[in-house]
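Enquirer:
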C-alpha cells in the first residue's frame, strides 16, 4: 500500500466515523437538543429539556420544584393549589444538589434582574443517594444547560453533535421498531412502563416484577459504604448549606422533604445511617423526613418500582407537610425534623 | 484544547495542516507564519489573556539572541547569563513565588496559577540562548517564533533544541507534503492517543482514591499504597509518553521530526538506564545546562554532587513544593547509588537473574518515589510511605469500596474479608486488573517507536527489541490495525482527562 493511499484512507476512515456519529446524533437527537428527532427518543437530557420548558414561560413561574426522577411523582398542581405559587418542574434524572443549586442560582439571578418574585422552592432530597458521585455534567444525558453551566451554546451543541451515545441510539431505534410493530414507546422515567414495553404485555411485566428478589430481614449485605463516608458527601452537604442560605438571603420560602424508600430498597441501608444523615440535613434546614419505610405498604399501587413511589404517595406527602388530616394507616407517615446538631 | 478531543482532531488539526501546506505553496515563510498563528490560537484556547506571556517571551528572547549574536564574545556571555536569569525569574514569579514565601513565613503553599507550559517554553528558550551564544548563529524571527510556539510540542514537550528543530524549520524541502511522513505521523498519533485514552485514563480514578485518602489521613493498606504508586507510575508513563507520541506524530504531519521523549523506560534494569529513557529531552537538557557546566573537569565528589543537584533541579522543575524537591533528591540519591554499584561491580555483563533483580529494584524504587511526586503535600506522602512500610493504621479496613460488592456477593474471585484486609477502602479488584494489564503492556508489548522504527533523538541505550512482523509499514494489515485502534479510541475521545504534565 502506498503511503499516500494509507494516509488518505486513514483520514477518510476518521472522517467517516465522525460524519456517521454526527448524522446519527442529528437524526435521532437523543438529548432533544437539535429538535430534529426523526426517531422517537426514549430518554432525553431532562436537565436541558426541563430548563427549556421553564424558559418558555419563565416569567409566569414563582416557584421551583427540585428533585430526582422521584420528584416526578409530586403533584405540582396540588402543590400550587396549596401554596398559591406556580411551580416549574426541575425533577431530573439522578438529580442531586449538584444539579439543583446552579439552577436555583440562575433563576434567582434572572428573577432579581427582572424584578420578579421567586416565592417558594420545594426540594425533594434522596437521602439514600446523598453523597453519591453526582452525575451532573458527567455525560451528555446529564449536561446542565449552557445558561446554567456558563458554557457557550456552540460548545454545547458541538458536544451533542460529536458524542457517542450507544444507549440512547439503541433505545431510540428499539422504540421506533416497537412502534412499527404497534407497541407504544415507554414514557420517560416510568420504569413500570419500560417493563411493560420490554415484556410485551402488562401481565408479563407484572410476572417479571413479581420475580424480583423480595426483601428479607437479616439478609443485609453489610458491604455498603456508609452514607456519611461517601466520597461526595461533604461537598453535597456544603452545597446544601449554600442552597438554603441562598433561599434565605432572597426571602424564598423553602420546603425540604426526603423521598420515601420502599422496604425492598431500604434493606440495603442501615436505618441508623439514614437517621444520622437526616439529622445532619435537618441541622441545615427543617426537614420533612419520609424515609422510614415502615409506614408504607409494599403495594404496587404505592411503588412504580423499588426506587420510585407513585403520585398518590406524593399527595399524601403534601397532606402531611401542609397539615391535612392523614387517612387511616398513614398516620406514621413522615415526621418533621428540626435543627439536630450537625454531626459532620 | 486537548489532543484527544473531537474539536482538535476534526476541526483544528485539519485546518492547521491545510493552512500550512496551502501557504507553503506560496513560500515556506508564509507557512511558518501561518502555523505560528495557529499555534498561538491553540495556546489561547485555554486562557486567551495568558497568550501574552509566550508572545512577549518570544519577542524578548529573540531580541536578546540577536544582541548576543551580534556582539563580542565576552559581552555575549554576560548577555546570555542575563537572558537565562530573566527567563528563570519569569518562571519563578509565576511558579515559585508562593512556595518561596511559604519557606519564609511558614504558610502552606497554594498551587500556583501558572501560564500553560511555562516550564517547557522557558527551558526551550534558555537552551536556545545558550546555543546562540556558543554557535553565534543567525536566526530569523518567524523561524524562532515557530520553533517555540509550534503547537505539537508547545504544551508538554518534547523539549526541542534549536540545533535540530531550528534547522528543519529553515529547510525549504520540508514545505511540500511528504506522504510517507504523513502516513507515519498519523500512525504514531493514533498509538499515542490509545496510550492516553485507553490505558492512562482508566487508571486515573483508582490512583486518585489512594492518594486522596492519604492526603486526608484516611487508612490505606500496604498493598493499596504500593498498588496506588505502581498504578500512578504507569498512569504518568502512558499519559506523558502518549502525549509525546502524539506530538511526534503531529510534527510529522508538518514534515518536522520532533525528538522521541520515552524509550520504554519502565523496562529499564537500572535507575541510570531509566533516566536515559524517561523524559529524554528534559534529562538531556538538564545534563547539558546544569550537570556538565557544574561537573566539567572536576573531581568525583564534585561530579556526584553535580549529579544529585541536577536531579533536585529536575524535581523543582516539575513543581513548587517540598515533595518535588525530595523527589528530585531521592532520584539523585538513587543515581549515586547506581554509580557506586557500577564502579564496585566493574564492566561485567549482568546475568538474567541480575537483570530481573535490577528491574524489580529500579521499578520498585521509582514507583515508591511517586508517593512524593503525586501527593498533595509532605504529610500525604508520609502517610503513604508509612502505609507502604506496613505502618498504616488499619491492617483490616472497616469497609471497602462498593465497586467490589458485586464480585463479593456473587462469590467471584474475592471475599469481603480478603478485600478489607488487602485492599481496604481505597483499592479494588478492578484497579488491580487495570494496573496489571497496564504493566504487562509497558513491559511486554513493543513501544510506539519500536513498532514504527522512528529514531529521531533516540535514547543513548540499546533499548529496542526485535519485533519481527509487528514492524510497521504502510500496508493493508497495518491500516486495518491502526484504523481499528482509532475506532476504539474514537468512542472515548471527549471524555478524557487533562494531560498530567500540563501542570508543569
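Residue numbers (this note's numbering), protein chains in the order written: chain A, 4 to 347; chain B, 19 to 522. Note that the Cβ used here is the ideal one computed from N, Cα and C, for glycine as well. Just so it is clear, the structure is predicted and the values come from calculations on it, not from any experiment.
How would you list, in chain order, the residues of chain A whose beta-carbon sits under 7 Å from the beta-carbon of residue 25 (chain B)?
Expert: What residue 25 (chain B) touches in chain A: 161.
Enquirer: Tell me the residue span of the alpha helix (DSSP H) that contains residue 71 (chain A).
Expert: Counting along the chain, residue 71 (chain A) falls outside any alpha helix (DSSP H), and DSSP gives it neither H nor E.
Enquirer: Let's see if you can read the secondary structure: which residues bound the alpha helix (DSSP H) around residue 259 (chain A)?
Expert: From DSSP, residue 259 (chain A) is part of no alpha helix (DSSP H) but of the beta strand (DSSP E) over 256 to 261.
Enquirer: Quick one: is residue 16 (chain A) near chain B, going by C-beta distance under 7 Å?
Expert: So, interface residue.
Enquirer: Are three or more beta carbon pairs between the segment 46 to 56 of chain B and the segment 229 to 238 of chain B nearer than 8 Å?
Expert: With the cut-off at 8 Å, the segment 46 to 56 of chain B and the segment 229 to 238 of chain B do not touch.
Enquirer: Would you identify the three-state DSSP class for residue 92 (chain A), choosing helix, strand or coil?
Expert: In the structure shown, residue 92 (chain A) sits in a strand (DSSP, three-state: E or B).
Enquirer: How should residue 204 (chain A) be labelled, buried or exposed, when 16 other C-beta atoms within 10 angstroms of its C-beta is the threshold for buried?
Expert: Low confidence applies to residue 204 (chain A): its pLDDT is 49, below 50, so where it sits in the model is not reliable enough to give any reading.
Enquirer: Which residues of chain A have a Cβ atom closer than 7 Å to the Cβ of residue 440 (chain B), listed in chain order?
Expert: Ordered by position in chain A, no residue passes the 7 Å Cβ test against residue 440 (chain B), which lies about 15 Å from the chain.
Enquirer: Mind checking if residue 34 (chain B) is an interface residue toward chain A, Cβ cutoff 7 Å exclusive?
Expert: With 7 Å as the cut-off, residue 34 (chain B) does not count as an interface residue toward chain A.
Enquirer: Pick out whichever of B:81, B:309, B:202, B:169 has its Cα sitting closest to the Cα of residue 468 (chain B).
Expert: Of B:81, B:309, B:202, B:169, the residue nearest in Cα terms is B:202.
Enquirer: What does residue 306 (chain A) pair with, by DSSP beta-bridge criteria?
Expert: Paired residues: A:312.
Enquirer: Mind checking residue 63 (chain A): buried by the 16 CB within 10 Å criterion, or exposed?
Expert: Under this definition residue 63 (chain A) is an exposed residue.
Enquirer: Any C-beta of chain A sitting closer than 7 Å to the C-beta of residue 170 (chain B)?
Expert: Taking Cβ atoms only, chain A never reaches closer than 7 Å to residue 170 (chain B), which makes this a no.
Enquirer: Among A:77, A:75, A:152, which one has its Cα closest to the Cα of residue 107 (chain A)?
Expert: Comparing Cα positions, the closest option is A:152.
Enquirer: Along chain B, which residues have their Cβ under 9 Å away from the Cβ of residue 313 (chain A)?
Expert: Going along chain B, no residue has its Cβ under 9 Å from residue 313 (chain A), so there is no contact; the nearest lies around 28 Å.
Enquirer: If I follow the unbroken alpha helix (DSSP H) through residue 397 (chain B), where does it start and stop?
Expert: That run of the alpha helix (DSSP H) goes 396 to 406.
Enquirer: Quick one: is residue 165 (chain A) near chain B, going by C-beta distance under 7 Å?
Expert: Closer than 7 Å: yes.
Enquirer: Helix, strand or coil for residue 350 (chain B) per DSSP?
Expert: Three-state result, residue 350 (chain B): helix.
Enquirer: Output needed for residue 403 (chain B): all residues of its chain with C-beta closer than 6 Å, excluding positions within five of it in sequence on either side, in chain order.
Expert: Around residue 403 (chain B): 389.
Enquirer: Tell me the rounded alpha-carbon separation between residue 111 (chain A) and residue 433 (chain B).
Expert: Rounded to the nearest angstrom, the two C-alpha atoms are 51 Å apart.
Enquirer: Distance cutoff 7 Å, beta carbons only. Does residue 192 (chain A) sit that close to anything in chain B?
Expert: With a pLDDT of 42 at residue 192 (chain A), under the threshold of 50, the modelled position of that residue is not reliable, and no figure is offered here.
Enquirer: Please compile the residues from chain A whose C-beta is within a distance smaller than 8 Å of the C-beta of residue 216 (chain B).
Expert: In chain order: nothing, as chain A lies at least about 15 Å away.
Enquirer: List the residues of chain A that residue 204 (chain B) touches, going by C-beta distances under 9 Å, in chain order.
Expert: Simply 9, 10, 13, 14, 17.
Enquirer: Report the residues of the segment 490 to 505 of chain B with a CB closer than 7 Å to any CB of chain A, ordered along the chain.
Expert: Listed in sequence order: 492, 493, 494, 497, 500, 501, 504, 505.
Enquirer: Tell me the rounded alpha-carbon separation between residue 8 (chain A) and residue 212 (chain B).
Expert: Spanning the two alpha carbons is a distance of roughly 23 Å.
Enquirer: Could you compute how far the alpha carbon of residue 30 (chain A) sits from the alpha carbon of residue 451 (chain B)?
Expert: Using only the alpha carbons, I get a separation of about 39 Å.
Enquirer: Report, in whole angstroms, the separation of the C-beta atoms of residue 437 (chain B) and residue 205 (chain B), which I expect to be a contact under 8 Å.
Expert: Incorrect: roughly 41 Å between the Cβ atoms, too far for contact.
Enquirer: Going along the segment 20 to 32 of chain A in order, which residues come within less than 7 Å of chain B, judged by CB to CB distance?
Expert: Cβ contacts with chain B come from 20, 21.
Enquirer: Got a sec, what are the start and stop residues for the alpha helix (DSSP H) residue 74 (chain B) sits in?
Expert: From DSSP, the alpha helix (DSSP H) with residue 74 (chain B) extends over 70 to 88.
Enquirer: With a threshold of 7 Å between beta-carbons, can residue 197 (chain B) be considered close to chain A, or not?
Expert: Answer yes: the Cβ-Cβ gap between residue 197 (chain B) and chain A drops below 7 Å somewhere.
Enquirer: In chain B, which residues lie with their C-beta within 8 Å of the C-beta of residue 5 (chain A)?
Expert: Neighbours of residue 5 (chain A) on chain B, chain order: 197, 492.
Enquirer: From the beta carbon of residue 146 (chain B), is the nearest beta carbon of chain A less than 7 Å away?
Expert: Taking Cβ atoms only, chain A never reaches closer than 7 Å to residue 146 (chain B), which makes this a no.
Enquirer: Determine the extent of the alpha helix (DSSP H) in which residue 292 (chain A) is found, giving its start and end residues.
Expert: No alpha helix (DSSP H) holds residue 292 (chain A); the beta strand (DSSP E) holding it covers 290 to 292.
Enquirer: At which residues does the alpha helix (DSSP H) containing residue 338 (chain A) begin and terminate?
Expert: Careful: residue 338 (chain A) lies outside any alpha helix (DSSP H), inside the beta strand (DSSP E) at 338 to 340.
Enquirer: Which residues mark the beginning and the end of the alpha helix (DSSP H) in which residue 504 (chain B) is found?
Expert: Residue 504 (chain B) -> alpha helix (DSSP H) spans 494 to 508.
Enquirer: In chain A, what lies closer than 7 Å to residue 201 (chain B) by C-beta?
Expert: Within chain A, the residues near residue 201 (chain B) are 6, 9, 10.
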